[in-house]
Amino acid sequence: MAKTVDAATMRQINKKYVTEMIYNQGPLSRIDISQVTGLNKATVSSLVDELIAEQFVQEIGLGTSSGGRKPVMLKINSSAGFCIGVDVQITHMKTVLADLTGGIVYKRIRPMDATHGRLSQGQLEEMIIEEIDRATHQAPPSCHGILGAGIALPGIVNYRTGSAFYLPNIEIENWDVIGALSQSFSFPIFIDNDGNCGAWSLYRERQERNLVFVNVGIGIGTGIVVNGQLYRGSNGIAGEFGHTSIAAMGVVCACGSYGCWEQYASEQALLRYLRESEDVPEALELSPNLVSLAVEQAATQSGYQRAFRTLGQYLGVGIANIINALNPGLVVIGGTIAQAASLFLPEVEYVIHHRAMATNKHVALTVAHEDAIVVGAAQLPIAHTLLQSPLAEV
Ligand SMILES: [Zn+2]
């Protein structure tokens with residue numbers, strides 16, 4: 044039997060649709076919105092009036108006319124409220140307070156060591172609560188206050204139930220994140236995989252409907268946008284390219300398998316290449332500064348340059364596999380490794396050129412800005428409450 048939707052529900056759906064258009068493509072006029080959505084002008088005007096009364100949308104003056112009166116342009120009122128984003132990585136936790144369009148008004152990086160169970164689930168929860176609390180106190184006065192907090196996690200996450208099934212490098216399993224954190228705050232909490240947060244952020248920035256975000260930190264996570272929607276797979280855990288094997292009997296991985304891509308193209312791999320290098324004498328450890336220290340040393344030392352080139356070759360192998368499988372319009376490399384782009388990107392491009400097929404050789408490849416994931420995390424509350432949230436669909 045066909046599902047029926049009452050008028051009030053339909054109005055809410057249309058309101059989210061209109062908000063999303065202004066959010067992703069603004070400034071826009073009411074006529075622009077009507078033409079793209081197919082909603083009649085009276086409905087669009089009424090929904091826009093409601094959004095203006097709620098202060099989520101504002102008029103910003105007149106646009107250009109294609110004949111007739113100049114239209115009034117609309118954009119999201121970025122200071123109507125704020126969201127908190129937390130990017131939990133293995134060596135650090137980054138927290139931001141962002142306005143409604145992702146503008147960062149506060150940022151803090153907290154070093155930590157969560158490698159292989161060194162941090163308990165309870166300790167991690169305490170840290171996240173402390174960081175969200177700190178960010179809350181940085182919020183300027185606004186109409187809607189804090190709309191919510193979004194947390195990016197490095198592993199297999201169920202955004203619907205709010206639980207993390209498995210964070211391989213932190214060694215935490217079956218963690219009810221929202222259950223543990225939500226009672227500490229008066230606003231809602233959302234979680235997602237870090238690669239998905241990066242993909243969501245880049246999709247908004249670049250408006251590329253088929254893209255892959257590759258987050259390279261201690262491990263590798265990816266977020267896949269297919270035809271403007273996040274591809275999550277049948278159980279919501281798609282995108283674990285970091286654990287696809289590129290060497291059948293290769294290096295053992297935290298996931299229990301062998302030869303996983305992240306063992307050859309992540310910070311763990313960089314560390315191994317540096318330790319194996321005869322002309323890198325320092326005793327190096329995983330730390331939030333590993334990549335920046337290595338970049339500094341690479342300015343004068345060939346051992347460091349060689350380690351980045353080797354990493355780039357393996358990064359290229361994995362990305363060529365992804366490109367051949369998905370034929371995206373854009374691949375974005377993000378995470379801590381992105382700051383070393385000049386040292387590894389030529390190798391990635393070389394490998395893609397030789398291993399990707401046909402037009403896949405020419406897929407656009409770029410590097411994300413350092414806050415792509417945490418800004419994506421901060422936009423989760425907006426995606427889940429104000430927008431249609433195409434990226435939240437399984
Ligand atoms: Zn693995």
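So that you can map any letter, position 227 of the sequence shown is 270 in my numbering, and since no number is skipped, the others follow by simple counting. Cβ coordinates follow ideal geometry from the N, Cα and C atoms, glycine included. Please read all numbers here as calculations on a predicted model, not as lab measurements.
Whole-angstrom distance between residue j and residue i, CA atom to CA atom
i      : j      : result
Asp75  : Gln181 : 36 Å
Gln422 : Ser109 : 34 Å
Gly355 : Ile147 : 31 Å
Leu386 : Ala178 : 34 Å
Leu190 : Gln226 : 15 Å
Ile261 : Glu214 : 13 Å
Gln166 : Leu329 : 20 Å
Asp156 : Gly378 : 17 Å
Val461 : Leu336 : Nothing in the structure corresponds to residue 461, since the chain is present only between 44 and 437.
Gly241 : Ala326 : 32 Å
Gly359 : Gln250 : 24 Å
Gly69  : Leu117 : 7 Å
Ser288 : Val259 : 16 Å
Ile194 : Ile232 : 8 Å
Ile199 : Tyr209 : 5 Å
Leu71  : Ile172 : 38 Å
Leu321 : Leu314 : Just to set this straight, residue 321 is Glu in the shown sequence, not Leu. Near 13 Å, if we compare the C-alpha coordinates of Leu314 and Glu321.
Ala420 : Asp235 : 8 Å
Gln311 : Gln98  : 47 Å
Ala23  : Ser122 : This structure does not reach residue 23, given that the chain is present from 44 up to 437, and the question cannot be answered.
Gly22  : Leu388 : Because the chain here runs from 44 to 437, residue 22 falls outside it and cannot be looked at.
Ile127 : Met292 : 42 Å
Thr402 : Thr353 : 25 Å
Ile263 : Gln306 : 9 Å
Val294 : Ser300 : 9 Å
Asp219 : Leu82  : 40 Å
Cβ separation of residue i and residue j, assumed to be a contact under 8 Å, to the nearest whole Å
i      : j      : result
Glu93  : Lys58  : 7 Å
Gly361 : Phe284 : 6 Å
Tyr347 : Val323 : 7 Å
Leu196 : Trp243 : Rounded, the Cβ-Cβ distance is 14 Å, inconsistent with contact.
Val48  : Val87  : The pair is not a contact, with the Cβ atoms about 19 Å apart (cut-off 8 Å).
Val334 : Leu245 : Actually they do not touch by this definition, with Cβ atoms about 20 Å apart.
Gly372 : Arg252 : 7 Å
Ile133 : Thr158 : 6 Å
Minimum C-alpha distance to residue i - residue among the options
i      : options                           : result
His427 : Gln340, Ser309, Phe230 and Gly260 : Phe230
Leu369 : Glu392, Ala281, Ile194 and Phe233 : Ala281
His405 : Gln78, Asp414, Ala415 and Val391  : Val391
Lys84  : Glu97, Glu63 and Pro114           : Pro114
Glu248 : Ile416, Arg54 and Glu169          : Ile416
Ala384 : Phe125, His396, Pro371 and Leu408 : Leu408
Arg153 : Thr144, Ile175, Asp142 and Gly145 : Ile175
Ile119 : Leu388, Val91, Tyr66 and Gln431   : Tyr66
Pro183 : Val220, Leu143, Tyr393 and Thr158 : Leu143
Gly238 : Gly128, Val418, Trp218 and Thr265 : Thr265
Lys150 : Ile425, Asp414 and Cys303         : Asp414
Phe228 : Ile395, Ala192, Trp218 and Ala207 : Ala192
Ser277 : Asn201, Tyr307, Gly222 and Ser206 : Asn201
Ala290 : Ala297, Trp304 and Asn367         : Trp304
His135 : Gly145, Arg112, Leu162 and Tyr307 : Leu162
Val268 : Ile366, Leu105 and Gly299         : Ile366
Local conformation of residue i per DSSP, three classes
i      : result
Val437 : Bear in mind that a pLDDT of 38 at Val437, under 50, signals an unreliable position, so the number given afterwards is only what the model happens to contain. The answer is coil: DSSP assigns Val437 none of H, G, I, E or B.
Asn201 : strand
Ile20  : For the chain, the structure presents residues 44 to 437; residue 20 sits outside this window and is missing.
Gly419 : helix
Val323 : coil
Ser225 : helix
Gly104 : strand
Tyr307 : helix
Leu117 : strand
Cys240 : helix
Ile365 : helix
Ala381 : helix
Asp235 : strand
Val129 : strand
Leu90  : helix
Met170 : helix
Pro389 : helix
Arg153 : strand
Counted within 10 angstroms of its Cβ, other Cβ atoms place residue i as buried (16 or more) or exposed
i      : result
Pro211 : buried
Asp130 : buried
His412 : exposed
Thr26  : Residue 26 lies beyond the stretch modelled for the chain, which goes from 44 to 437, so this question has no answer here.
Met400 : exposed
Ala141 : buried
Asn286 : Sequence check: residue 286 is His here, not Asn. So His286 ends up on the buried side.
Glu339 : exposed
Gly279 : buried
Val91  : buried
Gln164 : buried
Test: residue i CB closer than 8 Å to a CB of chain C
i      : result
Phe230 : The structure shown contains no chain C; it holds only a single protein chain.
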